[in-house]
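Here the structure comes first, spelled out in structure tokens, and everything after it is commentary.
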Amino acid sequence: MPKHGKKYIEAAKKVDADKTYSATEAATLLKEIDFAKFDASVEVAFNLNLDVKQADQQLRGAIVLPNGTGKTQKVIVFAEGDQAKQAEAAGADFVGSDDLVDKIKDGWFDFDVVVATPPMMAKVGQLGRVLGPKGLMPNPKTGTVTMDVEKAVNDIKAGQVAYRVDANGLIHAPIGKISFEADKLAENFKAMYDVVVKARPASLKGTYIKSINMTSTFGPGLTINPEA
93 MPKHGKKYIE AAKKVDADKT YSATEAATLL KEIDFAKFDA SVEVAFNLNL
143 DVKQADQQLR GAIVLPNGTG KTQKVIVFAE GDQAKQAEAA GADFVGSDDL
193 VDKIKDGWFD FDVVVATPPM MAKVGQLGRV LGPKGLMPNP KTGTVTMDVE
243 KAVNDIKAGQ VAYRVDANGL IHAPIGKISF EADKLAENFK AMYDVVVKAR
293 PASLKGTYIK SINMTSTFGP GLTINPEA
């Protein structure tokens, strides 16, 4: 059993373990019991009844949250020609081709998201062993392999969240910061919830969402009632 500090224990006392909260109730309570000395992240976790060994149940995608994430992402774009100019104009932090490949091979990772045009994927593929384990490899399903690099950069800067189901059938996604108003966090939660619901595989029978939890960086988790 992990040991928790006094502040966590005091915060946990205010959580009703037998209650399922609405998103707004949960966000309000998380704000009240937050004890971090920084602007903590708020995250939602969906426990899904999926068999990720089945190709159609390997859910993956991206969503632009209506109120953003509260974090500014550093974006690099692998592009040339007009697409490179568009990426720069859209506010990409770094744009390049072979020069970026060499820089990353030398150990540079000062970025959060990688975008690439389809013709550049042959070059980016050389970085699969270093980008893949970090979850940074561009993918068409998350909108990071595209010719429309302007839209990709704008979406990411506006608060796009990439999500992916893990081996245990869980999807973890940030939905904002503890400094957000409770209704803004709830709105972001609903947007994420709607995306997960729409992604339900057609082949899945029975229960899809087993449980949903919302938590802050150091705080206890709260069970969410999706129907509230």
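What the sequence shown shows, in the working numbering, is residues 93 to 320, in sequence order.
Cβ atoms here follow ideal geometry from the backbone N, Cα and C, with glycine treated the same way.
On a predicted model such as this, the values are computed, not experimentally measured, just so you know.
(message) If distances are taken between C-alpha atoms only, which option among D174, F127, D110, R256 comes closest to E242?
(response) D174
(request) Would you tell me roughly how many angstroms separate the C-alpha atoms of V289 and K145, rounded to the nearest one? (result) It is roughly 20 Å from the alpha-carbon of V289 to the alpha-carbon of K145.
(request) Measure the alpha-carbon distance for M229 versus T209 and round it to whole angstroms. (result) 12 Å
(message) Given a cut-off of 8 Å on the beta-carbon distance, is the pair Q165 and I248 in contact?
(response) Q165 places its beta carbon less than 8 Å from that of I248.
(request) Report buried or exposed for G235, applying the criterion of at least 16 other Cβ atoms within 10 angstroms of its Cβ. (result) buried
(message) Counting beta carbon pairs with one atom in the stretch 130-141 and one in the stretch 258-274, are three or more of them shorter than 8 Å?
(response) yes
(message) Let's see if you can read the secondary structure: which residues bound the beta strand (DSSP E) around N331?
(response) The shown model of the chain, from 93 to 320, leaves out residue 331, and the question about it has no answer.
(request) Can you have a look at K106 and say buried or exposed, based on whether 16 or more other CB atoms are within 10 angstroms of its CB? (result) exposed
(message) Count Cβ pairs between the stretch 204-221 and the stretch 147-161 that sit closer than 8 Å; are there 3 or more?
(response) no
(request) Determine the DSSP secondary structure at G220, reduced to helix, strand or coil. (result) helix
(message) So within the stretch 250-313, which uninterrupted alpha helix (DSSP H) runs reach at least 4 residues, ignoring any that extend past its ends?
(response) Within the stretch 250-313, the runs of alpha helix (DSSP H) at least 4 residues long that lie entirely inside it are, in chain order, 274-290.
(request) Label E102 either buried or exposed according to how many other C-beta atoms from any shown protein chain fall within 10 Å of its C-beta, with 16 as the threshold for buried. (result) exposed
(request) Classify D108 as helix, strand or coil using the three-state DSSP reduction. (result) coil
(message) So, with DSSP's three-state summary, where would you put L140?
(response) strand
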